[in-house]
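Q: Supplied in structure tokens, the structure appears directly below.
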Amino acid sequence: MDSTILAAWATRLGKKQCFEDTSTAQVGRLHLRLCALLASPSRNGRRRSSTCVQSRLLQKRDSAQGSPTALLPPCSQENSHQIQISAYTSYFPRYENLCVMYNQVTTKISARDFLGGPYVVGTDNSAATVNVSAGEVPGESGGMESVHNVAHEWTGLINDPEHPDNEDMGNFIYAARDPIFYSHHSNVDRLWDVWKTIPDKVTRSGNRKRMDYTSRDFLDSEFTFFDENQDMVIVKIRDSLDSSKLGYKFTDVSESDNMWIYYEPMPAQEYPSNSSDYPAATPSGYNYIGTDPVSFRLDRRAPTSEDAREKGVKNVDQLQEDVVLERVKIPHLQYARFDVFINYPAANRQTRLYMSEFVGTFTHLPSGMVDMSRSVSESSSESEDNFRIVTIRYSVNAALKRLGITDYNTDIVVTIVSKGARNSSPKTGFTFSNLIQDFQ
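Written as structure tokens, this is what we have:
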């Protein structure tokens with residue numbers, strides 16, 4: 001391990017910036033297998049301690065630590081300088097968890113970055129052509145999707161031959177059979193509330209307020225269902241955005257939340273990279289993410305006042321810069337994950353995620369049933385209906401600042417690391433239509 005990184009870790013340990021709350025990022029005791037009433041027979045019993053959000057559950061790491069369910073020790077001022085190098089590895093999963101949460105939630109300043117893109121009536125998610133100029137998108141992932149998905153993956157039985165459909169939590173068809181589903185989704189709702197309160201340390205202005213979508217199309221979307229009295233009622237989205245009006249309040253766990261909200265990634269690697277050495281993505285063309293990491297040059301420009309007007313902010317300094325993978329084509333029945341780094345083309349599946357160059361992740365869980373998929377004829381296997389076509393945003397303001405890139409005329413290298421389930425090698429490659437810079 002690099003001595004400068006070790007020194008940085010020692011400094012953090014000495015400042016008590018580590019993990020004094022050993023209960024964070026773990027499955028609650030209520031849901032452990034020992035609790036027979038709430039334990040699901042189709043839950044991965046090994047997944048109960050600290051590697052939830054990152055979901056890189058390496059068997060070698062589990063074996064080295066003696067027990068995959070062991071709690072990681074708290075860190076204090078008194079023992080920080082006596083910790084051996086081997087002890088640092090115990091904290092890697094938690095630091096990676098914090099960095100993933102930081103990139104997927106804290107750095108997402110706009111509703112589109114956090115919640116995902118608008119999905120308007122009439123948009124065909126699998127269509128070959130989408131009217132982008134009219135605001136239509138072929139499905140656009142927000143930062144919370146991956147935070148949500150990896151918990152499903154972590155507690156589900158993905159790649160278990162006895163559970164080919166990845167049930168329960170690993171497949172959305174079955175997920176609600178596991179009682180932990182409801183706690184998980186309550187926490188997702190809680191994180192939505194937390195996101196709105198996070199101070200702006202992302203934009204250059206530092207004063208942009210996080211807000212939900214304000215479009216009437218969004219706010220007035222209606223849901224019709226039967227209430228507890230069996231009466232049919234209509235509820236609009238605007239009725240559910242303020243949890244206090246619904247009569248409940250989430251427990252304050254800000255001490256734990258602050259660890260990822262104010263997370264500071266490790267120093268940059270200072271990897272020499274020249275953007276001109278890498279190709280740019282082909283606009284509206286065939287761009288390929290293979291089983292090995294792939295790097296592209298991204299040409300950048302400065303935001304304009306028109307960008308600010310379009311996004312409803314006062315000036316360009318309130319804008320968030322995004323790296324956008326457009327129209328990634330993913331088979332519904334296949335697992336997919338893309339970790340993205342900027343100016344670090346050496347990144348691979350073993351690269352740790354607590355570094356400054358890491359800007360976020362995307363995870364797609366298999367949806368559907370494997371046995372049913374076998375009945376699909378080969379002639380129709382390439383049908384657009386068998387694929388999810390999704391646009392993915394990675395917010396880079398904070399990372400660019402950490403890397404000392406303040407000039408919008410400086411092009412960057414974007415490296416995409418594709419991963420299979422449990423950090424394995426991906427089974428296939430994926431195509432996407434373009435890689436662009438955008439502002440939100």
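Start counting the sequence shown at 1; every next residue gets the next number (UniProt numbering).
Idealized CB from N, CA, C, for every residue including glycine.
Considering only DSSP beta bridges, list what asparagine 287 is partnered with.
A: Phe432.
Q: By DSSP's criteria, glycine 360 is part of a beta bridge. Which residues make up the other side?
A: Looking at the DSSP assignment, glycine 360 forms a beta bridge with Val340.
Q: Between aspartate 292 and alanine 280, is the Cβ-Cβ spacing less than 8 Å?
A: No; because the gap between Cβ atoms is not below 8 Å, this pair is not in contact.
Q: Could you check the C-alpha separation between serine 183 and asparagine 149 for me, to the nearest Å?
A: The alpha-carbon atoms of serine 183 and asparagine 149 are separated by roughly 14 Å.
Q: Just how far apart, CA to CA, sit arginine 56 and arginine 94?
A: Confidence at arginine 56 is low in this model, with a pLDDT of 33, below 50, so the placement of that residue should be treated as unreliable; the coordinate-derived value is given next. Those two C-alpha atoms are separated by around 11 Å.
Q: Do you know offhand how far valine 413's Cα is from arginine 301's?
A: Near 14 Å, if we compare the C-alpha coordinates of arginine 301 and valine 413.
Q: Using a Cβ-Cβ cut-off of 6 Å (strictly less than) and excluding sequence neighbours within five positions of proline 73, which residues of its own chain qualify?
A: Bear in mind that a pLDDT of 27 at proline 73, under 50, signals an unreliable position, so the model cannot answer this.
Q: Inspect the beta-carbon positions of glutamate 153 and leucine 353 and report whether they are closer than 8 Å.
A: Taking 8 Å as the Cβ cut-off, glutamate 153 and leucine 353 do not qualify as a contacting pair.
Q: Counting only runs of 4+ residues fully inside the segment 219–270, write out the alpha helix (DSSP H) ranges in chain order.
A: Runs of the alpha helix (DSSP H) inside the segment 219–270: 254–261.
Q: Please confirm whether isoleucine 109 and valine 233 have their CB atoms less than 8 Å apart.
A: Against a cut-off of 8 Å, the Cβ pair of valine 233 and isoleucine 109 comes out as no contact.
Q: Just list the residues that DSSP pairs threonine 415 with in beta bridges.
A: In DSSP, threonine 415 forms a bridge with Ser295, Phe341.
Q: Just the C-alpha distance for aspartate 168 and arginine 388, rounded to the nearest angstrom, thanks.
A: One C-alpha to the other measures close to 21 Å.
Q: Work out the CA separation of valine 313 and glycine 404 for me, nearest whole Å.
A: Looking at the two C-alpha atoms, the distance is approximately 25 Å.
Q: How is glutamate 326 classed by DSSP in three states: helix, strand or coil?
A: Correct three-state label for glutamate 326: strand.
Q: Skipping 5 residues on each side, what residues in its chain have a beta carbon closer than 8 Å to that of lysine 249?
A: Counting only Cβ-Cβ distances below 8 Å, and skipping sequence neighbours, we find Ser243.
Q: Are there 16 or more other CB atoms within 10 angstroms of the CB of glutamine 350, so buried, or fewer, so exposed?
A: Burial call: exposed.
Q: Does the Cβ of arginine 327 have 16 or more other Cβ atoms within 10 Å, making it buried, or fewer, making it exposed?
A: When all chains shown are included, arginine 327 counts as buried.
Q: Where arginine 393 and arginine 177 are concerned, what is the direct C-alpha to C-alpha distance, given to the nearest angstrom?
A: About 31 Å.
Q: Rounding to the nearest angstrom, what Cα-Cα distance links methionine 144 and asparagine 409 in this structure?
A: Computed Cα separation, rounded: 30 Å.
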